[in-house]
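To start, the structure itself, in structure tokens.
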Amino acid sequence: MKIKALLTLATLVIATTSLKAQNEGIAVGAQLFSPTGITAKATISETAAITGVLGFNFNEFNNIINLQANLILSGNSDSFNVESGVLRPYYGVGVNFLFSENSDTGIGFRIPLGMEYSLQDQPVELYMDIAPTVNVETSSAFFLSSSMGLRYFF
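Residues in the sequence shown are numbered from 869 upward in steps of one, following this note's numbering.
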């Protein structure tokens, strides 16, 4: 029984150690602000990724489900001197789908601009961005959304 427990523990330690350096692939996490919800990221190259958010905006006038998809391009991390980890700027293009309680739907186009920080030797990424967005529906609207979040790479 003790041998099985030790082998299981050793396997978990080895598997976790191999995951620590992995800040690429698929990541899932949480996002705050505009919108608050669940976020995911899939890296497609060293400098490009696809991100998505399933978020919610609740207020006294309307409840909105927000679905976002973005193509993100990472900038050069060499210009930022951080003691540990990697700090990178990013920019991209995306689409924003809104589904509201009063059965209105909307679509918008966004340009996310932000910074992401990958923790050293950990499969964790922190980010914050601002995104000018133009909603294209019966009446066009321009607004800025901002968000921050955390993702864990698998």
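Beta carbons: idealized from backbone N, C-alpha and C, even for Gly.
Which residues in the same chain as N1003 place their Cβ atom closer than 6 Å to its Cβ, once the five residues preceding and following it in sequence are excluded?
Cβ within range, chain order: G974, G976 and A1009.
Checking the sheet assignment: what are the DSSP bridge partners for I975?
Answer is F965 and V1004, bridged to I975.
Beta-carbon within less than 6 Å of F967's beta-carbon, same chain only, minus the 5 sequence neighbours each way: which residues are those?
Only I933 and T973 meet the Cβ criterion.
What would DSSP say about L987, mapped onto helix, strand or coil?
DSSP places L987 in coil when its eight states are reduced to three.
L955 and F948: beta carbons closer than 8 Å?
A contact, by the Cβ cut-off of 8 Å.
Which residues bound the beta strand (DSSP E) around V950?
That residue, V950, is in no beta strand (DSSP E); it is neither H nor E in DSSP.
May I ask which residues mark the beginning and end of the beta strand (DSSP E) holding G893?
Taken as a continuous stretch (DSSP letters only), G893 belongs to no beta strand (DSSP E), as it is neither H nor E.
With 16 as the cutoff for other CB atoms within 10 Å, does A917 come out buried or exposed?
A917 comes out buried.
For N938, does the three-state DSSP call read helix, strand or coil?
Here N938 sits in strand by DSSP.
So which of T1001, E1005, A910 and Y985 has the shortest CA-CA distance to V950?
That would be Y985, whose Cα lies nearest to the Cα of V950.
Going by CA-CA distance only, name the one from L981, F1021, A999 and G982 that's closest to E993.
The option with the nearest alpha carbon to E993 is F1021.
Go ahead and pull the three-state DSSP assignment for P980.
Of the three classes helix, strand and coil, the one that applies to P980 here is coil, per DSSP.
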